[in-house]
Each structure stands twice: as C-alpha cells, then as structure tokens.
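Numbering-wise (my numbering), the sequence shown opens with residue 828 and increments by one. Beta carbons are placed, not taken as given, at the ideal position from N, Cα and C, and that holds for glycine.
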Amino acid sequence: MEVISLLQSKNRCLKKFLSLSVLFLKSAENHNFSELESFEKKRESYIKAISLCDRRILDLANKIPKVKRSTEFVQKIQSINKEKEQLTHKIIETDDKILFYIENEKQNLIQNLNLSENSKNRLNKFKSSWVNESGEGIDQKL
C-alpha cells in the first residue's frame, strides 16, 4: 500500500536528517560552526519533505477502508512507527548536544566581545590622557 511506502520514505528522510545532524555535531565539537547556515537550510528542506509525507499519509490513511486494515498491515505500520520513534529520539539527543555546543560558543563570543570592549575602553582612557600630557597635539598643529 502507498501508506506503507510513504511511512518508509518518511523514515528515510529522518535517517538523512539524523546523519546531517551527526555530521554537524562533529564539527560543533571541534568549534567549527562555518557550516551552520548550510546545516539549517538542509534541515529545513528535510522538515518540509517530512511535513509533505505526513500530510499525504494522513490523507491516505483516512481513505483506507476498515476491511483493508489487516493485522499484517497494522503490524507493519507499528513496526515502521517504532523505527520512527527511535530515529526521532536520536535526533532530539543529537540536537540537544548541538545546542549545547552552540550555546557554549555563544558564551565564548560574548566573553571575548566584553574583553575586547574593556580593552578598548582602557586603551582610550590611557591614550586620551597621554596625548594631552605629551603635547603630541601641538606637533600636529605645527
């Protein structure tokens, strides 16, 4: 039946989604976020594909007559759904790890920005008093 085929296609999309996430996690573990934008775009495309599958599955499932819902058919769907649940759980775990590394990187960037701002402020204070006392401004006017 087409519903089974669509459920299997959805699981293939989830597997690709998981592979993409695992690949990006490896980069994130090495503090490499250069592919973040590409990662987000690819994830969005997988989410759209999964959403399309879900809509089509729902549409077809509602049209299946009860007489065609055999025990074998139901068991096959349950098996596919069990795999989907496992994949979804792995995706959530991977995403949690990715978010952890992104949050750490964000905190590091904020800390570095604060340090740079503090250094800049100290340098400006030192420079403004030093220039006035040194008479350097006078040399520039001459």
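If you follow the alpha helix (DSSP H) that residue i is in, where does it begin and where does it stop?
i    : result
E862 : First-last for E862: undefined, no H or E at that position.
Who are the near neighbours of residue i in its chain, counting only those whose CB is closer than 8 Å to its CB and skipping five residues on each side?
i    : result
K837 : I877, C880, D881, I884, K911
K903 : I831
L942 : none
I907 : I831, L834, Q835, N838
Would you mind stating whether residue i and residue j have Cβ atoms separated by less than 9 Å?
i    : j    : result
K917 : L834 : no
E862 : S872 : no
K869 : L847 : yes
E860 : E932 : Here residue 860 turns out to be Phe, not Glu, going by the sequence shown. Taking 9 Å as the Cβ cut-off, F860 and E932 qualify as a contacting pair.
E864 : Y928 : no
Using a Cβ-Cβ cut-off of 6 Å (strictly less than) and excluding sequence neighbours within five positions of residue i, which residues of its own chain qualify?
i    : result
Q913 : none
L841 : L914
Q934 : none
Compute every distance between the C-beta of residue i and the non-hydrogen atoms of the ligand FAD, then say whether any falls below 8 Å.
i    : result
F927 : For the ligand FAD, the structure offers nothing, since it holds no ligand at all.
Can you give me the Cβ contacts of residue i inside the same chain, cut-off strictly under 7 Å, excluding the 5 residues immediately before and after it?
i    : result
L852 : T921, K924, I925
Could you tell me which whole beta strand (DSSP E) segments of length 3 or greater appear in the region 926–956?
Positions of the beta strand (DSSP E) runs, each at least 3 residues long and wholly inside the region 926–956, cannot be given because no such run exists.
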